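Notes for the one structure printed next.
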Amino acid sequence: MNGGLRRVLAGREAPVAGALVVVLAVTTAVNPRFLSDQGRFDLLVAIAITGLMAVGQTFVLVMRHVDLSVGSVLGLSAFMAGSAVRGDTGGSLLVALLVGVVVGVVAGLVNGALVAFLRLPALVVTLGTLYVFQGVQALLTGGTRINADQLPASVVSFGVTGFLGVPWLMWVCLLAAAVGGVFLRTRRSGRDLYAVGSNPPAAELVGIPVARRTLLAYMVSGACAGGAGVLFLARFGGVDSNAGIGYELPVVAACVVGGVDIFGGSGTVLGALLGAMLLKTMGVSLSALSVPEFWQQAINGLLLLVAITADRIVLLRRERSARVEAARHRREHAGAVPDPPRDGADRAGHEGATTTEVVR
Amino acid sequence: MSRVLSWDRSVFVLLVVTVAVGAVIDPDFAGGSNLGFVLQDIGEIMLIALPMTFLIMTGEIDLSVASTAALAGCVLGWAWQASGSMAVAVLAAVGTGVVCGAVNGFLVTRLGLGSLAVTIGTLGLYRGLCYALLGDTTVADFPAGWTNLGFSSIPGTPLPYVTPLLVVLAVAFGVVLHLTRTGRWVFAVGQSVEAARFAGIPVARLKFRLFVVTGAVAGLAGIVYDLRFASARPDGALGFELAVIASVLFGGVSIFGGVGTMWGVVSAVLFLGSVRSLLQLQGVPGNALTIITGGLLLASVVIPVVAQRWSAFRERRSRVLAAATP
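Here the protein sequences line up with chains L and U, keeping their order. Residues 8 to 367 (the working numbering) are what the first sequence spells out, left to right. Residues 328 to 653 (the working numbering) are what the second sequence spells out, left to right.
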């Protein structure tokens, strides 16, 4: 079989993309308006925000960390960007984006510094900053909200127009995914993130600057969440103190559905984006199929469980076939000189560090 | 950090200081009615924090507890309307919690999936089932005899009816964690799963049971929540999971497992509740309270690390100085 094709099919992206196609096909067959120009546009707008945050979250998850503060960063950045361009009617879209991303990067620096330099557990740190950033945002807004009529036209129209039939918001998300994906796949510092996530002590031993890479991953996650804040501002034409609350777990869910291992070391930006697409599309298609809206959350939860269960089963089967292969190899070489190192290597194959190797 | 001032003791000291300072600067704070209010306010968090301590100590986590509590609350309302018997409804609600916990436990211990990912999934699943069961409606016709348990106090005292439940369960969980074999197992598993397995501890069975107990107590918390607000609603207890986990971690339980005490966690829940109440009485806005909650949680992990580095630095310096002097 063609090696490249086999790799694509064995990867984690293909089944998710397949599921996405099935959902789209079934829904369109039942309700042809689902993929009309307007329907497609709305769907892509809905995907863009979660998708962008999932791209950033991937950087953190592959390092065996997590960033729970992204929802609060989104809210904070949306409000800061909105305040920066409020009342201004000129071409201030770039200003808004810049402010949003800078807010996100600063927030990411805070998280990253605490995790990287003080070596604090990521879950605790980002749970703490989730509350801190959310409180700061609420304190700044002070119960007020920014409305569409206070925002420059460039920002508002950014949320409702597109290019080549794809909303601008989705272009931002796709651009981030492309840059992030190429970086993680081809750049040395990108590969470092996987190395750290697969085996943190080993990564340290081979000389990877773990603290710097951790800082980088959190800054990327923060920047994406900050950018998502501006997308939020443009999409809803405003922001209030509830923006972004409760976004963190759906973002992690999107990554996990897309094959990003929550224990680090494996997963791609493309997978995370596909995961976000699948979850959002499921939601929108359920309402297009007139299934009551409230089933959406249950089905999304179920989908996540199915995804990780399937991953686990595939992993176990590969480990078993790898063991069988190794045993046959040993039998064939029976009678030759005993080979203790290979024996040791076999045993290591059952342990966490090399399981990701088996999957890849 | 020195042995005398371990984190859980510090939290207890903080609690005592907060209560003392509060009593001095604000007579309302130490009043009986406010004490009752604080206990009622932290009731569900405290309940769920008890089994969550066990879970985090073994290195697992359950993010689905708030959804479990909400689902149990919805089942309470649904079963009450369907059967007309509160006793049946309560049993059904606790049973729902047990089933939810068992599903989590099955996925984690039998299939070997990560508890963080599993319980993010069941968080959505159970919450979705709440809406599937009740739709957008609420059940608000619980019998007055029961809802009085939710918001009136025990006659002759300022304490709400939930107090004895909190005390009995807190003592029971504390005894199990610190004085029984099961408790020793929890510490052992948290320190090293491998070593625990070699020592013959039934790790999977232990964790499965902990998930079931967590579900059951979350179900109980769902009932308490319903009675407190005299209604069952699909969006009940929203976001409680992070508040519970923040309390447990603030109480000195290590997110990596193996380290923690029950009285540290109980002190932490009481401390966070009294700080909130005290600041609210002083007119501090709710947003600032959110910042303080987050800041305290960060402090609980930052301070021990900084203190440890500081003492390591001092030790190194004194060794260098000793070597330098002839």
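Each residue gets a CB set at the ideal place from its N, CA and C atoms; glycine is no exception. Bear in mind the structure is a predicted one, so any value in this text is a computation, not a measurement.
| Query | Result |
| --- | --- |
| L/G166 to U/L398, Cα distance in whole Å? | 37 angstroms |
| Using beta carbons (cut-off 8 angstroms, strictly below), is L/W178 in contact with chain U? | no |
| Assuming L/S161 contacts L/S248 (C-beta within less than 8 angstroms), just tell me the rounded distance between them. | That pair is no contact at about 25 angstroms. |
| Which class does L/I153 belong to by DSSP, given the choice of helix, strand or coil? | strand |
| Within the 8 angstroms Cβ cut-off, does U/R454 reach chain L? | yes |
| With 16 other CB atoms within 10 Å as the buried threshold, where does L/H72 fall? | buried |
| At 8 angstroms on the CB atoms, spell out the chain U contacts of L/R319, in chain order. | L438, G439 and L440 |
| So what's L/A85 in DSSP terms, helix, strand or just coil? | helix |
| Going straight from the alpha carbon of U/P529 to that of L/R338, what length do you get? | 35 angstroms |
| Could you tell me whether the Cβ of U/F514 comes closer than 8 angstroms to any Cβ of chain L? | no |
| Decide if L/Q64 is buried, meaning its Cβ has at least 16 other Cβ atoms within 10 Å, or exposed. | buried |
| Assuming L/A120 and L/L222 form a contact by the criterion Cβ under 8 angstroms, report the distance between their Cβ atoms to the nearest whole angstrom. | 7 angstroms |
| Who are the neighbours of L/N307 on chain U, taking C-beta pairs under 9 angstroms? | G448, G451, L452 and G455 |
| Just to confirm my understanding: we take L/V173, look at its own chain, exclude 5 residues before and 5 after, and list those with CB closer than 7 angstroms. What are they? | L51 |
| L/P128 CB to nearest chain U CB: under 8 angstroms? | yes |
| With DSSP run on the structure shown, which of helix, strand or coil describes L/V173? | strand |
| Which one of L/V132, L/A210 and L/V227 has the shortest CA to CA distance from L/V110? | L/V227 |
| Going by CA-CA distance only, name the one from L/D268, L/R242, L/R330 and L/Y138 that's closest to L/R19. | L/D268 |
| Does DSSP classify L/V263 as helix, strand or coil? | helix |
| So who's on the other strand from U/S480, going by DSSP bridges? | U/P487 |
| Where does U/A396 sit, in a helix, a strand or coil, going by DSSP? | helix |
| Just to make sure I have the definition right: I need the residues of chain L whose C-beta is within less than 7 angstroms of the C-beta of U/E582. Which are they? | Reading off the sequence shown, one finds Ile at residue 582 of chain U, where the question assumed Glu. Within chain L, the residues near U/I582 are P128, L130 and V131. |
| Do L/F41 and L/S328 have their beta-carbon atoms positioned less than 8 angstroms apart in this structure? | no |
| Is any heavy atom in the ligand ATP found nearer than 7 angstroms to the beta carbon of L/L310? | This structure does not include the ligand ATP; it has no bound ligands of any sort. |
| Please identify the residue among U/I619, U/T385 and U/V602 whose C-alpha is closest to the C-alpha of U/S519. | U/T385 |
| Could you check which residue in U/F339, U/T464, U/L382 and U/L569 has the C-alpha nearest to that of U/D562? | U/T464 |
| Do L/G282 and L/L81 have their beta-carbon atoms positioned less than 8 angstroms apart in this structure? | no |
| So, do the segment 417–427 of chain U and the segment 353–367 of chain U have three or more beta carbon pairs nearer to each other than 8 angstroms? | no |
| Between the C-alpha atoms of L/G188 and L/L277, what's the straight-line distance to the nearest angstrom? | 7 angstroms |
| Whose CA, out of L/L75, L/L323, L/G308 and L/R325, lies closest to the CA of U/G448? | L/G308 |
| Let me see if you follow: with CB-CB separation under 8 angstroms, is U/N475 close to chain L or not? | no |
| What is the DSSP secondary structure of U/V580, counted as helix, strand or coil? | coil |
| Give me the residue from L/F48, L/L323, L/N38 and L/S297 with the minimum Cα distance to L/F170. | L/F48 |
| Since U/V466 sits in a beta bridge, which residues does DSSP pair it with? | U/A559 |
| Could you tell me which residues DSSP pairs with L/V28 in its beta bridges? | DSSP output for L/V28 lists no bridge partner at all. |
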